[in-house]
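In what follows, a structure is listed as structure tokens, so that the remarks can point back to it.
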Amino acid sequence: MSDAPDIDLSALVEPAQAIAREAGRRILNVYAGAFGVTEKADQSPVTAADMASHDCILRGLAELTPAIPVLSEEAPDAGFSQRSRWEWLWLVDPLDGTREFIKRNDQFSVNIALIHRHEAVFGLVFIPVGGICYYALRGGGAYKRAGADQPPQRIQAARVCPYPARIISSLESYRTRRLQAYLSHLGPHRHLGMGGGLKSCLVAEGAADLYPRFGPTGEWDTAAAQVIVEQAGGHITDMQLRPLRYNARPILINPDFFAFGDATRDWSRYLPQRHREGWPA
362 MSDAPDIDLS ALVEPAQAIA REAGRRILNV YAGAFGVTEK ADQSPVTAAD MASHDCILRG
422 LAELTPAIPV LSEEAPDAGF SQRSRWEWLW LVDPLDGTRE FIKRNDQFSV NIALIHRHEA
482 VFGLVFIPVG GICYYALRGG GAYKRAGADQ PPQRIQAARV CPYPARIISS LESYRTRRLQ
542 AYLSHLGPHR HLGMGGGLKS CLVAEGAADL YPRFGPTGEW DTAAAQVIVE QAGGHITDMQ
602 LRPLRYNARP ILINPDFFAF GDATRDWSRY LPQRHREGWP A
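Residues 362 to 642 (my numbering) make up the sequence shown, in order.
Shown next as structure tokens:
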């Protein structure tokens, strides 16, 4: 696909939020009643809410930017031979945190990101329960909006890490051998338990200092949060502290990563030596 000309990122903010809010409304319609759960080929769960949100977002983005392809977690991969030619694409997770949705703990979101030449340049994370929306565009700052009728408030990551560091992860991840090994090297810390894709947003607004993720995630899980964290003054990087890139490889799986605010601290120094050298756990 040739480069899409004259994209005004600021003009995407309101219509993208409207799409996400409508997708969120459809998710909550399913959430309010009984629903079934099926298993995808990768053994991850999917519900009617995932698909209702997916259909809503695809229709909305096709109307908003008909020249830009959409890559969604709930759609077949177009194949790298085709998508490697895309300079622009939307990267979407219609329901990030399906397991949290199934548990009914309210910690799930709609993630929509615009990618240009492997970098996230616009991102939106909408939380259906509560109606909170985080969004950012490259060069335009990062914002949190508490509701559709509320004005956006600019957010800022914590540039100086307090003592002890505030570490955010899911409770399941916190108990894993790899994260516990990392934290034993890090030393004293305060753990904040959070499910779904909201953890990076708390880093972006300065409520957490570090989100270390060991284990597979999809590119649609991090793309929106990446630009939000970066525009708030933070970073999302691999374990060698290189920014994550999107649609740059045949597989759409991220490496292990950090989301953090304080760039003066080398968060990779607490990794076991074999991990620093690229050893797979």
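For glycine and all other residues, C-beta sits at the position ideal for the given N, C-alpha and C.
A quick note: this is a predicted structure, and the numbers were derived from the prediction, not measured.
Pairs of beta-carbons, one from the stretch 568–583 and one from the stretch 523–530, closer than 8 Å: are there three or more? Contact holds: three or more Cβ-Cβ distances are below 8 Å.
CB contact check: A372 to chain B, cutoff 8 Å: Given the protein chain composition of this structure (a single chain), no chain B is represented.
Hey, would you say L485 sits closer than 8 Å to I473, going by beta carbons? Residue mapping note: residue 485 aligns to position 124 of the sequence shown, counting from 1. Residue mapping note: residue 473 aligns to position 112 of the sequence shown, counting from 1. Yes; because the gap between Cβ atoms is below 8 Å, this pair is in contact.
The beta strand (DSSP E) that contains F619, what's its start and end? As a first step, residue 619 must be located in the sequence shown, where it is residue number 258. In the DSSP annotation of this structure, the continuous segment of the beta strand (DSSP E) that includes F619 starts and ends at F618 to F621.
Would you tell me roughly how many angstroms separate the C-alpha atoms of W640 and A372, rounded to the nearest one? Along the sequence shown, one-based indexing puts residue 640 at 279. Along the sequence shown, one-based indexing puts residue 372 at 11. Low confidence applies to W640: its pLDDT is 41, below 50, so where it sits in the model is not reliable, and the reading given next is rough at best. Rounded to whole angstroms, W640 to A372 spans 44 Å at the Cα level.
Rounding to the nearest angstrom, what Cα-Cα distance links G339 and G556 in this structure? Residue coverage of the chain in this structure runs from 362 to 642, which leaves residue 339 outside it and unanswerable.
Does DSSP put G491 in a helix, a strand or coil? On the sequence shown, position 130 is the one that residue 491 refers to. In this structure, G491 counts as coil in the three-state DSSP scheme.
Just the Cα atoms here: how many angstroms apart are A519 and Q601? As a position in the sequence shown, residue 519 is number 158, starting the count at 1. As a position in the sequence shown, residue 601 is number 240, starting the count at 1. A519 and Q601 have their C-alpha atoms roughly 21 Å apart.
Assess, as a yes-or-no matter, whether the stretch 536–555 is touched by the stretch 507–521 under the definition of 3 or more beta carbon pairs within less than 8 Å. Too few Cβ pairs lie closer than 8 Å, so no.
Would you mind sorting M362 into buried or exposed? The rule is 16 or more other CB atoms within 10 Å of its CB. Here the question's residue 362 lines up with position 1 in the sequence shown. Residue placement at M362 cannot be trusted, given a pLDDT of 43 that sits under 50; what the coordinates show is reported in the next sentence. The residue in question, M362, is exposed, as its Cβ has fewer than 16 Cβ neighbours within 10 Å.
Would you identify the three-state DSSP class for F441, choosing helix, strand or coil? Residue 441 sits at position 80 when you count from the first residue of the sequence shown. F441: helix per DSSP, three-state reduction.
Which runs of the alpha helix (DSSP H), 4 residues or longer, sit entirely within the stretch 404–476? Counting only runs of 4 or more, we get 409–425, 441–444 and 459–464.
Under a three-way DSSP split, which group does V314 fall into? Here the chain has residues from 362 to 642 only, and residue 314 is not among them.
Is the number of C-beta pairs between the stretch 371–390 and the stretch 487–501 that are closer than 8 Å three or more? These segments touch.
Simplified DSSP assignment, three categories, for Y543: Taking the first residue of the sequence shown as 1, we reach residue 543 at position 182. Three-state DSSP puts Y543 in a helix.
Might you give, ordered along the chain, the residues of its own chain that have their beta carbon closer than 8 Å to the beta carbon of V482, omitting 5 neighbours on each side? Within the sequence shown, the letter at position 121 stands for residue 482. Cβ within range, chain order: L370, L475, I476, L498, R499 and V588.
Across which residues does DSSP place L498 in a beta bridge pair? The residue you call residue 498 lines up with position 137 of the sequence shown. For L498, the pairing in a beta bridge is given by DSSP as F483.
First and last residue of the uninterrupted alpha helix (DSSP H) at P376: For the purposes of this step, residue 376 is taken as the residue at position 15 of the sequence shown. P376 -> alpha helix (DSSP H) spans V374 to Y392.
Since A586 and S561 are thought to touch, with beta carbons under 8 Å apart, how far apart are those beta carbons, to the nearest angstrom? Here the question's residue 586 lines up with position 225 in the sequence shown. Here the question's residue 561 lines up with position 200 in the sequence shown. Cβ atoms of A586 and S561 come within 8 Å of each other, at about 4 Å.
What span of residues does the alpha helix (DSSP H) with L532 cover, start to end? If you number the sequence shown from 1, residue 532 lands on position 171. Membership of L532 in the alpha helix (DSSP H) is indicated by the continuous run L532 to Y535.
Once the 5 residues before and after T625 are set aside, which same chain residues still bring their CB inside 6 Å of it? Position 264 of the sequence shown, counting from 1, holds the residue named residue 625. Nothing listed; no residue qualifies.
Looking at D403 and P455, is the spacing between their C-beta atoms short of 8 Å? Within the sequence shown, the letter at position 94 stands for residue 455. Within the sequence shown, the letter at position 42 stands for residue 403. No, they are not a contact pair.
Compute the distance between the beta-carbons of D627 and P616, then report whether it is under 8 Å. Counted from its first residue, the sequence shown places residue 627 at position 266. Counted from its first residue, the sequence shown places residue 616 at position 255. Not in contact: D627 and P616 (Cβ atoms no closer than 8 Å).
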